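Mapped onto my numbering, the consecutive letters of the sequence shown carry residue numbers 6 to 272.
Yeah, the Cβ is synthetic: ideal placement off N, Cα and C, and Gly gets one too.
Being a predicted model, the structure only gives us computed values, none of them experimental.
Below is one structure; the comments refer to it alone.
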Amino acid sequence: MSDVSAFDLFKIGIGPSSSHTLGPWRITQRFVRHVRRAGLLRPGVRLTVDLLGSLALTGRGHATDKAVCLALLGLEPDTVPVDSVPGHLEALRAGKELVLDGVVVPFDPAVDIRLCRTERHPGHANAMRCVATVGEERLERIYFSLGGGFIASDDEATAAEAPPRALPPRPVTSGADLLRWCEETGLPVCEVVRENERTWHDDAWMEAQSRRIWEVMREAARRGCRTEGELPRGLAVTRRAPGLLRDIVPDLQREDIARLVMTVREA
């Protein structure tokens with residue numbers, strides 16, 4: 006896959022899983038686009054989402070259902086403020102409706118997102134069936150969450166939506182390829198990658214996006230070190246980072262931990 010950008014691999018998104026959270030989010034967004042193109046986003050439309058196989062079996066713990074809801078609410082995984090997510094979800098649960106392109110769409114997450122734990126799709130372990138109906142009209146699509154936030158559909162609709170990219174000057178499909186290019190050009194790995202990335206992005210964008218990704222990573226670490234209690238999803242999993250930090254640096258007071266985290270953040 007020599008046409009895959011580093012920025013396809015390093016994605017910003019709400020966790021905990023690229024395959025079970027980010028992938029379903031992107032799938033739901035793609036389905037809404039299909040519904041829009043089909044002319045079904047009009048009064049009377051109903052939407053249902055079936056999570057199959059692994060997405061159904063572990064979806065609650067991986068927030069797959071929440072990702073579907075947030076996508077339907079028009080939110081982006083790389084920009085939605087993490088602290089705002091519970092409020093968005095609670096409003097949808099209480100109101101049981103969405104607004105898509107100005108059309109009010111009844112949607113009850115407890116009813117319209119179904120966990121089909123015994124149903125598996127032969128195409129992939131992480132499958133979603135999305136359905137839109139208006140009267141007798143029906144649009145059904147099957148999608149797969151492939152991992153890393155990459156998605157596909159069973160009818161290869163992705164090929165029509167995403168034409169092949171231009172190939173970079175130094176194609177890389179393995180570590181051996183990368184090392185060979187370094188030896189032939191005398192360039193370090195980072196410069197070989199940068200030259201390839203220029204096929205799709207300019208330097209200013211790459212610099213800004215790299216800094217943004219790094220800031221998000223550091224903020225995630227900082228938030229993890231300072232937040233006590235249990236992880237969300239209702240699985241009674243205790244947050245470990247604050248305790249580990251105290252074990253590594255004994256006798257730290259809370260304000261000391263905050264200063265230490267800020268020091269790491271600014272490094």
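How is Gly-64 classed by DSSP in three states: helix, strand or coil?
Three-state DSSP puts Gly-64 in coil, outside helix and strand.
Between His-25 and Thr-69, what straight-line distance do the alpha-carbon atoms span, to the nearest angstrom?
Going from the Cα of His-25 to the Cα of Thr-69 covers about 6 Å.
Note down, in chain order, each residue of its chain lying with its Cβ closer than 8 Å to the Cβ of Arg-217, except the 5 sequence neighbours on either side.
Counting only Cβ-Cβ distances below 8 Å, and skipping sequence neighbours, we find Ile-17.
Going by C-alpha distance, which of Met-133, Glu-141 and Arg-143 is nearest Phe-149?
Of the listed residues, the one whose Cα sits closest to Phe-149 is Met-133.
Could you tell me the boundaries of the alpha helix (DSSP H) in which Leu-97 lies?
That run of the alpha helix (DSSP H) goes 90 to 100.
What are the complete alpha helix (DSSP H) segments, minimum 4 residues, inside the region 34 to 85?
You should have 59 to 62 and 69 to 77.
Which residue or residues does DSSP assign as beta-bridge partners of Ile-156?
Ile-156 pairs with Ser-150.
Helix, strand or coil for His-206 per DSSP?
The three-state reading of DSSP puts His-206 in coil, since its state is none of H, G, I, E or B.
Inter-residue Cα distance where the pair is Arg-170 and Ala-11:
Between Arg-170 and Ala-11, the C-alpha separation is close to 14 Å.
According to DSSP, what are the bridge partners of Val-110?
Its beta-bridge partners are Leu-103.
Give the range of the beta strand (DSSP E) segment to which Thr-243 is assigned.
Here Thr-243 belongs to no beta strand (DSSP E), and DSSP marks it neither H nor E.
Assuming Arg-185 is part of the alpha helix (DSSP H), what are its boundary residues?
180 to 190 is the span of the alpha helix (DSSP H), which, as asked, contains Arg-185.
Please report the distance separating the alpha-carbon of Pro-193 from that of Leu-56.
So the two alpha carbons sit approximately 44 Å from each other.
Look at Glu-233 and Pro-247 and say whether their C-beta atoms are less than 8 Å apart.
Contact flag set, yes.
Answer yes if the region 194 to 205 comes into contact with the region 169 to 186, meaning at least three C-beta pairs across the two stretches below 8 Å, and no otherwise.
Output reads yes: the region 194 to 205 touches the region 169 to 186.
What does the Cβ neighbour count give for Ser-179, buried or exposed, with the cut at 16 atoms within 10 Å?
Burial state of Ser-179 is exposed, judged by a 10 Å Cβ sphere holding fewer than 16 other Cβ atoms.
Per the DSSP calculation, Glu-235 is bridged to which residue(s)?
Glu-235 is bridged to Thr-243.
Would you mind stating whether Leu-120 and Gly-64 have Cβ atoms separated by less than 8 Å?
Result yes, Cβ atoms of Leu-120 and Gly-64 sit closer than 8 Å.
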